[in-house]
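Participant: The numbers in the sequence shown follow the numbering used here, run straight up by one, and end at 523.
Each residue gets a CB set at the ideal place from its N, CA and C atoms; glycine is no exception.
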Amino acid sequence: MRIHQLNLEKHRRYNKLSAMLGPFPLWFKSSPDLVLAGNDASPFICSALAPAMFLGEDIVVDRQYYVSATLLENLQKIQTIMHAWNPIFKIINIQATTQSFKPSNKQLGHSVFFSGGVDGTYSLIQHLNQLENLILINGFDFSMDKTTWRNMVARCQKTAHIFDKRLICVESNLKEFTGWTRLARFANFGASLASVALLLNPKSALCSAAVTYDAVHPSNGHPLIDPLWSSESCELSHVGLEADRAKKIAAIKHYPDALHNLWVCWKDPNYNCGRCAKCYRTHMAMQLNDVTNFKFSEPITTTDLKQLSPKSEEDLSFYEYLYQLAMTKQNKFLSRVLKQIIWRYRSKQFLRETDRLLLNARWAKWRRSRLSINQLADVSVFPKYSDSIQLDLLQQRLKKHPKFISSANIGSIYD
């Protein structure tokens, strides 16, 4: 995968840095007062690594550009970890000119990635005296249209104002790039954050953990990997593993304005829908912390909670921690509900294992046979039977469409 055609555009209202990653044009927009290095390919090599490993293509950075020497050395370690998790990610060679970056008094201060949720707000509170900036991205986790993005910025700006911090907004087509390469969100999650960190080059950038130490599973956003994206001048770290969601809310509730400004939903940042799993989990965590006035757009009922079904072991860990807290708090109602949720997941797992061990996975194979190509799971850090199929589809796409035109609807506050 060739990284070439780096281009820094300076406009009155924004700066835009772009590059070609193979046939794909990856770009970033930021405020014009932020310094972007037009010849530094470090942000792009982070994003390119997992897709190139998936394709089995060496990365070649055009000679007129450079990458951080520390980063280039650590990319070998990241490759070793990802290949051990899922061999579909092949070990590749990387050719790039290196440069050692020197920390500067002019660079951005210590920062945290922030989108208004529990994890980021907890990290902000825990590192309040150190942090200067909150970094918000459109086109990373969500590709928001103009109206939704402006609402999101307004919500996060409110939290920044509460704590007297600067909100830095970055816009990118990172999510589109990850999806185009048929990778799942968590296959390129930490790399995408690292791309933005090395683009902005703050003294440090905190990536907030979603789980605790005993529930860490393979992911591209991981305490083993995140620090390895660091350069000589920008240190990345993975923080917050000491606290589950309920403990984080217990810390945040001491800041009522921040608590009631939380966005814990998958939908429009104007509100918390009260109809998604994230809202349900947060509702239970709020109840167990005696927070009864947190607003959801729709009232959450007992029936809603009883229908919850974890999708993975990581997902299950959220409910197990809530169950332990409910038992400690002697909340009989939530204890019963959470016990049912956990039992439902474990029962399904038992049936899957029975099918695999006693029936040679006949049931699983039958279910797979009924899936269309469009229903196949994207490639993640956990090996799946469909990984090789997705690789073939991506290779066919590259042969058929050697040039890619970005079409993501990514709203901007800079237009």
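(1) Tell me the rounded alpha-carbon separation between aspartate 486 and tryptophan 193.
(2) Do serine 488 and alanine 295 have their beta-carbon atoms positioned less than 7 Å apart in this structure?
(3) Does alanine 262 pass the burial test, meaning 16 or more other C-beta atoms within 10 Å, or should it be called exposed?
(4) On a Cα-Cα basis, can you pick out the residue from Asp170, Gly247 and Lys254 that is closest to histidine 112?
(5) Out of curiosity, what's the CA-to-CA distance linking leucine 142 and leucine 308?
(6) Measure the beta-carbon distance from serine 345 to cysteine 315 and round it to whole angstroms, keeping in mind my assumption that it falls under 8 Å.
(7) Return the chain-ordered ranges of every alpha helix (DSSP H) run that is complete within the segment 318-386 and spans a minimum of 4 residues.
(8) Tell me which residues share the same chain as serine 520 and place their Cβ nearer than 6 Å to its Cβ, disregarding the 5 neighbours each side in the sequence.
(9) With DSSP as the reference, label aspartate 227 as helix, strand or coil.
(10) What separation, rounded to the nearest whole angstrom, lies between the Cα atoms of glycine 225 and leucine 370?
(11) State the Cα-Cα distance for the pair lysine 414 and tyrosine 363, rounded to the nearest angstrom.
(12) Using three-state DSSP, classify histidine 218 as helix, strand or coil.
(13) If you count every other CB in all the chains shown that lies within 10 Å of the CB of proline 407, and 16 or more means buried, which is it?
(14) Taking all protein chains shown into account, do 16 or more other C-beta atoms lie within 10 angstroms of the C-beta of glutamate 284, making it buried, or fewer, making it exposed?
(15) Report yes if the CB atom of methionine 392 is closer than 7 Å to the CB atom of leucine 430, and no otherwise.
(16) Could you check what DSSP says for threonine 206 in three-state terms: helix, strand or coil?
(17) Count the other CB atoms within 10 Å of the CB of histidine 119; is the residue buried (16 or more) or exposed (fewer)?
(18) Taking the beta strand (DSSP E) that tyrosine 174 belongs to, which residues open and close that run?
(19) Taking contact to mean 3 or more Cβ pairs, one atom from each stretch, closer than 8 Å, check whether the segment 376-384 and the segment 336-354 are in contact.
(20) Going by DSSP, name the residue or residues bridged to leucine 291.
(21) Are the CB atoms of phenylalanine 152 and alanine 127 nearer to each other than 7 Å?
(22) Is isoleucine 233 closer than 7 Å to isoleucine 202 when the C-beta atoms are compared?
(23) Is there contact here, the segment 416-433 with the segment 442-461, by at least three beta-carbon pairs under 8 Å?
(24) Three Cβ pairs or more, each shorter than 8 Å: is that satisfied between the segment 170-188 and the segment 329-338?
(25) Spatial neighbours of phenylalanine 197 within its chain, please: CB distance less than 7 Å, with the 5 preceding and 5 following residues excluded, ordered by chain position.
(26) Between which two residues does the alpha helix (DSSP H) containing asparagine 259 stretch?
(27) Between Asp352, Ser312, Ser303 and Gly329, which has its C-alpha nearest arginine 322's C-alpha?
(28) Against chain B, does tyrosine 431 count as a neighbour if the rule is that its beta carbon must be under 7 Å from one of theirs?
(29) Which first and last residues belong to the alpha helix (DSSP H) in which glutamate 422 is found?
(30) Of the residues Ser231, Arg290 and Cys277, which one's Cα is nearest the Cα of asparagine 246?
(31) Is leucine 239 closer than 7 Å to valine 220 when the C-beta atoms are compared?
(32) Take asparagine 115 and list the residues in its own chain whose beta-carbon comes closer than 6 Å to its own, dropping the five residues that flank it on each side.
(33) Tell me, to the nearest whole angstrom, how far the beta carbon of alanine 354 is from that of leucine 416; I am working on the premise that it is less than 8 Å.
(34) Tell me, to the nearest whole angstrom, how far the beta carbon of lysine 214 is from that of serine 341; I am working on the premise that it is less than 8 Å.
(35) With distances taken between CB atoms, is the gap from asparagine 281 to alanine 472 smaller than 7 Å?
(36) Can you tell me whether DSSP reads aspartate 500 as helix, strand or coil?
Facilitator: Looking at the atomic coordinates:
(1) Residue numbering aside, residue 486 sits at position 378 when the sequence shown is read from its first letter. Residue numbering aside, residue 193 sits at position 85 when the sequence shown is read from its first letter. Going by the C-alpha atoms only, they are around 16 Å apart.
(2) In the sequence shown, counting from the first residue as 1, residue 295 sits at position 187. In the sequence shown, counting from the first residue as 1, residue 488 sits at position 380. Taking 7 Å as the cut-off, the Cβ atoms of alanine 295 and serine 488 count as close.
(3) Taking the first residue of the sequence shown as position 1, residue 262 is located at position 154. Counting of Cβ neighbours within 10 angstroms places alanine 262 among the exposed residues, the total staying below 16.
(4) Position 4 of the sequence shown holds residue 112. Measuring from the Cα of histidine 112, the nearest candidate turns out to be Asp170.
(5) Taking the first residue of the sequence shown as 1, we reach residue 142 at position 34. Taking the first residue of the sequence shown as 1, we reach residue 308 at position 200. Taking the straight line from one Cα to the other gives about 7 Å.
(6) For the purposes of this step, residue 345 is identified with residue 237 of the sequence shown, where counting begins at 1. For the purposes of this step, residue 315 is identified with residue 207 of the sequence shown, where counting begins at 1. Cβ-Cβ separation between serine 345 and cysteine 315: approximately 7 Å, consistent with a contact (criterion under 8 Å).
(7) Those alpha helix (DSSP H) runs which fall completely within the segment 318-386 and span 4+ residues are 353-360 and 364-368.
(8) Taking the sequence shown and counting its residues from 1, the one referred to as residue 520 is at position 412. Counting only Cβ-Cβ distances below 6 Å, and skipping sequence neighbours, we find Glu279.
(9) In the sequence shown, counting from the first residue as 1, residue 227 sits at position 119. Three-state DSSP puts aspartate 227 in a helix.
(10) Within the sequence shown, numbered from 1, the residue matching residue 225 stands at position 117. Within the sequence shown, numbered from 1, the residue matching residue 370 stands at position 262. Approximately 5 Å, taken between the alpha carbons.
(11) In the sequence shown, residue 414 corresponds to position 306, counting from 1. In the sequence shown, residue 363 corresponds to position 255, counting from 1. Their backbone Cα atoms lie some 31 Å apart in a straight line.
(12) Taking the sequence shown and counting its residues from 1, one reaches residue 218 at position 110. When DSSP states are grouped into helix, strand and coil, histidine 218 belongs to the coil group.
(13) Numbered from its first residue, the sequence shown carries residue 407 at position 299. Using a 10 angstroms sphere on the CB of proline 407, the tally of other CB atoms stays under 16, which defines it as exposed.
(14) Position 176 of the sequence shown holds residue 284. Around the CB of glutamate 284, 16 or more other CB atoms lie within 10 Å, so the residue is classed as buried.
(15) The count along the sequence shown starts at 1 and reaches residue 392 at position 284. The count along the sequence shown starts at 1 and reaches residue 430 at position 322. Yes; because the gap between Cβ atoms is below 7 Å, this pair is in contact.
(16) If you number the sequence shown from 1, residue 206 lands on position 98. Strand.
(17) As a first step, residue 119 must be located in the sequence shown, where it is residue number 11. When all chains shown are included, histidine 119 counts as exposed.
(18) As a first step, residue 174 is located in the sequence shown; it is residue number 66 there, counting from the start. Taken as a continuous stretch (DSSP letters only), the beta strand (DSSP E) holding tyrosine 174 covers 174-176.
(19) Between the segment 376-384 and the segment 336-354, the count of C-beta pairs closer than 8 Å stays below three; the two stretches do not touch.
(20) Taking the first residue of the sequence shown as position 1, residue 291 is located at position 183. When beta bridges are read from the DSSP output, leucine 291 appears opposite Val487.
(21) Against the sequence shown, residue 152 aligns to sequence position 44. Against the sequence shown, residue 127 aligns to sequence position 19. Their beta carbons are under 7 Å apart, which means phenylalanine 152 touches alanine 127 by this criterion.
(22) Along the sequence shown, one-based indexing puts residue 202 at 94. Along the sequence shown, one-based indexing puts residue 233 at 125. No, the Cβ-Cβ distance between isoleucine 202 and isoleucine 233 is not below 7 Å.
(23) Short answer: they touch.
(24) Yes, they touch.
(25) What you label residue 197 is simply residue 89 of the sequence shown in a count that begins at 1. Taken in chain order, the residues that qualify are Ala158, Met161, Phe162, Met190 and His191.
(26) Numbered from 1 along the sequence shown, position 151 holds the residue referred to as residue 259. Per DSSP, asparagine 259 belongs to the alpha helix (DSSP H) from 254-270.
(27) Taking the first residue of the sequence shown as position 1, residue 322 is located at position 214. Correcting the residue type first, residue 322 is aspartate in the shown sequence and not arginine. Here the closest residue by C-alpha is Asp352.
(28) The displayed structure is made up of one protein chain only, and chain B is not part of it.
(29) The sequence position of residue 422 within the sequence shown is 314, counting from 1. 421-436 is the extent of the alpha helix (DSSP H) around glutamate 422.
(30) Taking the sequence shown and counting its residues from 1, the one referred to as residue 246 is at position 138. Among Ser231, Arg290 and Cys277, the Cα nearest to that of asparagine 246 is on Cys277.
(31) Taking the sequence shown and counting its residues from 1, one reaches residue 220 at position 112. Taking the sequence shown and counting its residues from 1, one reaches residue 239 at position 131. Contact flag set, yes.
(32) If you number the sequence shown from 1, residue 115 lands on position 7. Annotation for asparagine 115: Ser126 place their beta carbon closer than 6 Å to its own, counting only its chain and skipping 5 residues before and after.
(33) Stepping through the sequence shown from its first residue, residue 354 is reached at position 246. Stepping through the sequence shown from its first residue, residue 416 is reached at position 308. Alanine 354 to leucine 416, Cβ: 16 Å. No contact.
(34) As a first step, residue 214 must be located in the sequence shown, where it is residue number 106. As a first step, residue 341 must be located in the sequence shown, where it is residue number 233. Contact doesn't hold; Cβ gap of about 11 Å is too wide.
(35) One-based indexing of the sequence shown puts residue 281 at position 173. One-based indexing of the sequence shown puts residue 472 at position 364. Result no, Cβ atoms of asparagine 281 and alanine 472 do not sit closer than 7 Å.
(36) Start at 1 with the first residue of the sequence shown, and residue 500 comes out as number 392. DSSP, read as helix, strand or coil, puts aspartate 500 in helix.
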